[in-house]
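Heads up, the thing below is written out as structure tokens.
Residue numbers (this note's numbering): 6 to 140.
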């Protein structure tokens with residue numbers, strides 16, 4: 006497996022997992038796919054063929070990580086696309102409150118790229134019309 010990207014703004018649990026995988030300390034994990042922008046969710050393929058999804062500190066010990074990811078359209082779309090499914094183009098718009106919350110952590114690493122409702126018209130224009138907006 007090629008070395009995984011590990012960014013300082015990733016949650017501690019994700020950074021630890023990536024460090025262990027990159028060091029060869031978790032040989033039971035055959036493949037890992039971690040969402041690159043935030044490092045908050047990921048998919049682990051174990052050597053025995055088992056697949057686990059994780060979200061934040063839940064590293065796939067049970068299926069709560071997978072069901073939690075399915076509740077988020079942006080994360081679900083990321084993994085469906087990575088697994089070869091056709092998904093429509095689009096962008097994830099964060100509420101202004103949530104963007105401000107995550108910005109308190111991510112801004113210290115220079116990460117400020119998230120769409121908020123202020124940019125909704127620009128996002129719709131860049132995608133093209135007709136454009137569907139889902140809550």
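Idealized CB from N, CA, C, for every residue including glycine.
Cβ pair residue i, residue j closer than 9 Å
i	j	result
residue 6	residue 35	yes
residue 41	residue 60	no
residue 23	residue 39	yes
residue 92	residue 99	no
Where residue i sits in the DSSP three-state scheme
i	result
residue 21	helix
residue 107	helix
residue 132	helix
residue 38	strand
residue 44	coil
residue 86	helix
residue 120	strand
residue 125	helix
residue 74	helix
Residue closest to residue i, alpha-carbon to alpha-carbon, out of the options
i	options	result
residue 95	133, 58 and 38	133
residue 19	32, 45 and 37	45
residue 15	111, 129 and 70	111
residue 123	92, 101, 87 and 49	101
residue 139	108, 131 and 97	97
residue 58	37, 137 and 78	37
residue 75	129, 47 and 51	47
Same chain, Cβ closer than 6 Å to residue i, neighbours up to 5 away in sequence not counted
i	result
residue 104	119 and 121
Contact set for residue i: own chain, Cβ-Cβ below 7 Å, skip 5 residues either direction
i	result
residue 25	31
Spatial neighbours of residue i in its chain, beta-carbon cut-off 8 Å, leaving aside the 5 residues before and after
i	result
residue 87	38 and 48
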